[in-house]
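Numbered by numbering that gives the first Met the number 0, the letters in the sequence shown go through residues 0 to 320 in order.
Just below is one structure, and these are the notes that go with it.
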Amino acid sequence: MPNSKMELLGQAILPGKGFLLNLDIAKLHTGTKIEVPIIVQRGKKPGPVLLITGGIHGNEINGVEIIRQLISKKYNRPDCGTVICIPVVNIFGFLNQTRQFPDGRDLNRVFPGSPRGSLASRFAYHIMKEIAPMVDYCIDYHTGAESRFNAPQTRVNKDDIESKELAKVFGAPFVVLANTREKSFREALANMGKKVLLFEGGKSLDINDRVTQSGISGALRVMDHLGMRSFAEELKSMEGRSLQPVTIESSQWVRAKYSGMFHPFIALGSHVKKGDLLGSVSDPFGNFERIIKAAANGHVICINQSPIVNQGDAIFHISQE
0 MPNSKMELLG QAILPGKGFL LNLDIAKLHT GTKIEVPIIV QRGKKPGPVL LITGGIHGNE
60 INGVEIIRQL ISKKYNRPDC GTVICIPVVN IFGFLNQTRQ FPDGRDLNRV FPGSPRGSLA
120 SRFAYHIMKE IAPMVDYCID YHTGAESRFN APQTRVNKDD IESKELAKVF GAPFVVLANT
180 REKSFREALA NMGKKVLLFE GGKSLDINDR VTQSGISGAL RVMDHLGMRS FAEELKSMEG
240 RSLQPVTIES SQWVRAKYSG MFHPFIALGS HVKKGDLLGS VSDPFGNFER IIKAAANGHV
300 ICINQSPIVN QGDAIFHISQ E
């Protein structure tokens with residue numbers, strides 16, 4: 000969208016300027032304000048508006064780290080267009096290192112929200128009303144839950160041609176064609192016609208350098224592709240240069256058939272063939288060890304890193320070819 004005139008949260012955003020704003024829409028029962036810092040950088044020339052978000056789930060720290068580095072290294076300062084960074088959307092979940100919003104709800108399951116709904120729903124409503132309308136593109140950073148470590152991947156709707164092309168530009172090892180979850184932030188933005196890349200990498204309450212690097216370089220490639228700023232030199236010096244991503248149209252979880260101590264044998268991101276050994280589950284007393292084999296060919300896009308699993312736990316996420 001042309002950015003000749005822009006106003007965000009009552010603040011005029013002038014060309015070539017940066018602003019630190021706070022989204023303040025509610026208080027807790029203690030009177031503590033829920034203030035979410037928003038870092039806005041506008042280029043001197045017109046161009047698209049890119050929203051970069053992390054921490055919608057408060058315990059997904061790696062996304063916060065990616066955006067922190069984008070800001071600290073001044074990569075969020077475009078020559079053309081505007082970059083809006085919200086490193087920690089769920090600020091109280093982040094403080095408490097929990098996934099949920101303070102009212103116990105999953106913020107990513109209440110969009111587009113309601114001005115008269117729950118605390119999380121009201122917060123979602125204000126994001127959609129005050130920020131989302133001016134956005135053209137969004138990169139939303141997430142991680143796997145609990146002990147499930149995701150290979151770096153972008154998720155897009157299979158029918159969204161432009162978003163699929165942007166996912167390839169992003170350059171994560173995998174592009175997962177996945178329908179939007181009902182009432183998620185991605186669905187709400189998509190329903191407004193916005194282009195959204197959802198990045199998954201790593202696990203909750205963890206920071207991984209490889210995941211961080213993938214998330215940073217992907218954002219730079221997207222900004223470069225959109226004509227917001229050239230990052231040719233920066234990308235040339237970064238490790239993990241852009242590869243042709245593997246596109247995944249369907250996948251399935253391998254679940255533990257026994258409870259016990261879990262030993263994965265394969266590396267995350269590797270390609271396996273039917274019959275390959277994936278890992279084993281054994282009891283702690285040396286009485287048994289059950290081998291887990293691949294049921295079909297595919298790439299391993301998530302591994303459960305818990306040393307102990309229960310029967311039925313998801314332990315490997317593998318694409319279906």
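Note that beta-carbon positions come from the ideal geometry of N, C-alpha and C, so glycine has one too.
When DSSP labels each residue in this structure, what does His125 get in the three-state scheme?
-> DSSP places His125 in the helix class (H, G or I) of the three-state scheme.
For Val63, I'd like the list of residues in its chain whose CB is within less than 6 angstroms of its CB, leaving aside the five on either flank, ordered along the chain.
-> Gly53, Gly54, Pro86, Val87
Thinking just about the alpha-carbon of each residue, which of Asn207, Gln152, Leu27, Ser183 is nearest to the one in Ala218?
-> Distance from the Cα of Ala218 is smallest, within the candidate group Asn207, Gln152, Leu27, Ser183, for Gln152.
Could you pull the start and end residues of the alpha helix (DSSP H) that Met222 belongs to?
-> 208 to 224
From the DSSP output, in three-state form, read off Phe249 for me.
-> First, the amino acid is wrong: residue 249 is Ser here, not Phe. Ser249 falls in the coil class under three-state DSSP.
What is the DSSP secondary structure of Gly201, reduced to helix, strand or coil?
-> Secondary structure at Gly201: strand, using DSSP grouped into helix, strand and coil.
Drop a sphere of 10 angstroms on the beta-carbon of Thr29, count the other beta-carbons inside from all chains shown, and report buried for 16 or more, exposed for fewer.
-> With fewer than 16 other Cβ atoms within 10 Å, it is exposed.
Assuming Cys84 and Gly46 form a contact by the criterion Cβ under 8 angstroms, report the distance between their Cβ atoms to the nearest whole angstrom.
-> The Cβ separation is near 16 angstroms, so there is no contact.
With distances taken Cα to Cα, identify the nearest neighbour of Leu7 among Ile33, Ala25, Arg41, Leu27.
-> Arg41
For Gly62, three-class secondary structure by DSSP = DSSP places Gly62 in helix when its eight states are reduced to three.
The beta strand (DSSP E) with Arg322 in it runs from where to where?
-> No statement about residue 322 is possible, as the shown extent of the chain runs from 0 to 320 and does not include it.
What are the complete beta strand (DSSP E) segments, minimum 3 residues, inside the stretch 115 to 201?
-> 136 to 143, 147 to 155, 173 to 176
What three-state label does DSSP hand Glu288 in the structure shown?
-> Glu288 falls in the strand class under three-state DSSP.
For the beta strand (DSSP E) containing Ser281, list its first residue and its last residue.
-> 276 to 281
Element boundaries [alpha helix (DSSP H), containing Ile90] | 90 to 95
Counting only the same chain and skipping the five closest in sequence on each side, list residues whose C-beta sits under 6 angstroms from that of Asn303.
-> Ser146, Arg147, Ile314
Within 10 angstroms of the Cβ of Phe287, are there 16 or more other Cβ atoms? Answer buried if so, exposed if not.
-> exposed
Contacts around Gly274, its chain only, beta-carbon distance under 6 angstroms, and the 5 residues preceding and following it disregarded = Lys292
Boundaries (first-last residue) of the beta strand (DSSP E) holding Ala25 | In this chain, the beta strand (DSSP E) harbouring Ala25 covers 17 to 26.
Could you check how far apart the C-beta atoms of Val39 and Gly17 are, in whole angstroms? I think they sit under 8 angstroms.
-> 7 angstroms
For Glu232, three-class secondary structure by DSSP | helix
Report buried or exposed for Ser71, applying the criterion of at least 16 other Cβ atoms within 10 angstroms of its Cβ.
-> exposed
For Asn156, which of Gln99, Asn190, Leu94, Ala123 has the nearest alpha-carbon?
-> Asn190
State buried or exposed for Asn107, treating a residue as buried only when at least 16 other CB atoms are found within 10 Å of its CB.
-> buried
Ordered along the chain, which non-local residues of its own chain (more than five positions away) have a Cβ less than 7 angstroms from that of Ala123?
-> Excluding the 5 residues flanking it on each side, Ala123 has same chain C-beta neighbours closer than 7 angstroms at Leu106, Val109, Phe110, Pro111, Gly112, in chain order.
Quick one: is Ala119 buried, meaning 16 or more other Cβ sit within 10 Å of its Cβ, or exposed?
-> The residue is buried, with at least 16 neighbouring Cβ atoms inside 10 Å.
At least 3 beta-carbon pairs within less than 8 angstroms: the stretch 254 to 263 vs the stretch 225 to 238 | Per the Cβ contact rule, the stretch 254 to 263 is not in contact with the stretch 225 to 238 (fewer than 3 Cβ pairs under 8 angstroms).
Enumerate in chain order the residues of its own chain whose CB-to-CB distance from Gly369 is below 6 angstroms, with the five nearest sequence positions on each side excluded.
-> With the chain covering 0 to 320 only, the question about residue 369 has no answer from this structure.
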